[in-house]
Amino acid sequence: MHEAQFYTKLSDTQVRCDLCPHLCIISETRSGQCRVRSLHNGKLISNNYGRLSSIAIDPIEKKPLYHFYPGEHVFSIGSVGCNMHCKHCQNEQISQCIGIVPAQLNAYSVDQIVERIRSRGSRIVAFTYNEPIVSYEFMVDVAAALKGSAIECVMVTNGYIMPGPLGTLLPYISGFNVDLKAFSDQFYKKITGARLQPVIDTLEAVKAADSHLEITYLVIPGLNDDPEEFSNMTAYISRVFGRDQVLHLSRYFPSYQMSLPPTPLSTLQMLREIAVEQLDHVYTGNTGQEFDANTYCPACGALLIERKHYHTTIRGMVGNRCAACQQTINGKFNIA
Ligand code: SF4
1 MHEAQFYTKL SDTQVRCDLC PHLCIISETR SGQCRVRSLH NGKLISNNYG RLSSIAIDPI
61 EKKPLYHFYP GEHVFSIGSV GCNMHCKHCQ NEQISQCIGI VPAQLNAYSV DQIVERIRSR
121 GSRIVAFTYN EPIVSYEFMV DVAAALKGSA IECVMVTNGY IMPGPLGTLL PYISGFNVDL
181 KAFSDQFYKK ITGARLQPVI DTLEAVKAAD SHLEITYLVI PGLNDDPEEF SNMTAYISRV
241 FGRDQVLHLS RYFPSYQMSL PPTPLSTLQM LREIAVEQLD HVYTGNTGQE FDANTYCPAC
301 GALLIERKHY HTTIRGMVGN RCAACQQTIN GKFNIA
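Heads up: the sequence shown begins at 1 in our numbering, then just goes up one per residue.
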């Protein structure tokens, strides 16, 4: 059993988990909302420590990260559990532990995972699939073991974490894709069971730490596709993170507890047209079609990176600059 970090003992039989803003009160009979932190003999235990549901090699574009070493393949690992309960979750079996007991998953030590990463020759590791925040201790231990090597770590996350644990994590993670699920606290409360402001705080902390950040916004018809609210969000992103902040607009399909029809492609395009007024790099994804996936220079319009079905070709860049006009492009493009 691996003791969790970030908790406060309230009594001999109760603790408060301080990892994420739910601040769950946990007893022997009641585990945390994420379903993977529970109390044993007065200690908070991370039940999914080293328990992995998936290990795979993915194109980095699949995360999605488009401006972080494009074309690289990433050693991706995931466990189970999540601290949100999105009605439209596309990974509900592993996120909500449906029919899965963490202790029954294959167990890996940090050394075993690091050895696999090295033997595969991977230069990027992604903590992904389920919400990596609820695998905090294992993620940090793996990332710490890789610190100082040429291998970089990225995290695909909902951003729902307390500032203290995030601050400890930031030095280990070079790239983030954070889901911004809506620009409305009402949406967060009703659809995810969480709150908006802590996610905003995480985005701003990642930016302040100078880590690479890309934001994903899953567009759900009738729930978060209001043009005015969306325009307010892109204006906020542009103002706080800069015009060159990367934004991915993703198409929703019915899943888990949500049966609304898929997002019309016209809605995705309409929102993209709003976003590009404020932002230079807006991509659409999960569409099954080839559009809005390439990177163009915001200064001269030259094609910089071409993407087709996760096949990526650098066309017009030298280092992190446009080869035609020398404009600096936001991101990391040259792997050592
Ligand atoms: S990490 Fe899990 S147990 Fe801890 S506060 Fe968040 S949901 Fe609750």
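Note that beta-carbon positions come from the ideal geometry of N, C-alpha and C, so glycine has one too.
My output table needs one value for residue i: the three-state DSSP class, helix, strand or coil.
i: residue 164; result: helix
i: residue 179; result: strand
i: residue 75; result: strand
i: residue 344; result: Given that the chain is displayed from residue 1 to residue 336, the structure contains no residue 344 and the question cannot be resolved.
i: residue 296; result: strand
i: residue 13; result: coil
i: residue 308; result: strand
i: residue 216; result: strand
i: residue 345; result: Shown here, the chain extends from 1 to 336; a query on residue 345 therefore has no answer.
i: residue 4; result: coil
i: residue 124; result: strand
i: residue 155; result: strand
Quick check on residue i: buried or exposed, where buried means 16 or more other Cβ atoms within 10 Å of its Cβ?
i: residue 261; result: exposed
i: residue 326; result: exposed
i: residue 181; result: buried
i: residue 10; result: exposed
i: residue 68; result: buried
i: residue 12; result: exposed
i: residue 312; result: buried
i: residue 282; result: buried
Going by the CB atoms, is the gap between residue j and residue i shorter than 8 Å?
i: residue 171; j: residue 201; result: no
i: residue 31; j: residue 2; result: no
i: residue 249; j: residue 272; result: yes
i: residue 130; j: residue 80; result: yes
i: residue 15; j: residue 39; result: yes
i: residue 132; j: residue 48; result: no
i: residue 256; j: residue 43; result: no
i: residue 194; j: residue 160; result: yes
i: residue 191; j: residue 227; result: no
i: residue 53; j: residue 26; result: no
i: residue 320; j: residue 328; result: yes
i: residue 119; j: residue 176; result: no
i: residue 57; j: residue 76; result: yes
Less than 7 Å separating the Cβ of residue i from some heavy atom of ligand 1?
i: residue 2; result: no
i: residue 106; result: no
i: residue 159; result: no
i: residue 26; result: yes
i: residue 48; result: no
i: residue 134; result: yes
i: residue 33; result: yes
i: residue 39; result: no
i: residue 97; result: no
i: residue 23; result: yes
i: residue 19; result: yes
i: residue 83; result: yes
What residue from the options has the CA that sits closest to residue i's CA?
i: residue 19; options: 93, 97 and 136; result: 136
i: residue 113; options: 177, 140 and 323; result: 140
i: residue 145; options: 173, 158, 133 and 160; result: 173
i: residue 155; options: 217, 126 and 219; result: 126
i: residue 251; options: 229, 220, 280 and 227; result: 220
i: residue 128; options: 70, 60 and 165; result: 60
i: residue 278; options: 293, 266, 232 and 310; result: 232
i: residue 301; options: 94, 291 and 280; result: 280
i: residue 85; options: 62, 97, 50 and 212; result: 97
i: residue 184; options: 199, 177 and 176; result: 199
i: residue 331; options: 236, 247, 89 and 286; result: 247
i: residue 66; options: 323, 37, 324 and 296; result: 296
i: residue 267; options: 149, 223 and 309; result: 223
i: residue 166; options: 188, 209, 147 and 197; result: 209
Looking at the C-beta of residue i, does it have a partner C-beta in chain B at a distance below 8 Å?
i: residue 199; result: Of the protein chains in this structure there is only one, and it is not chain B.
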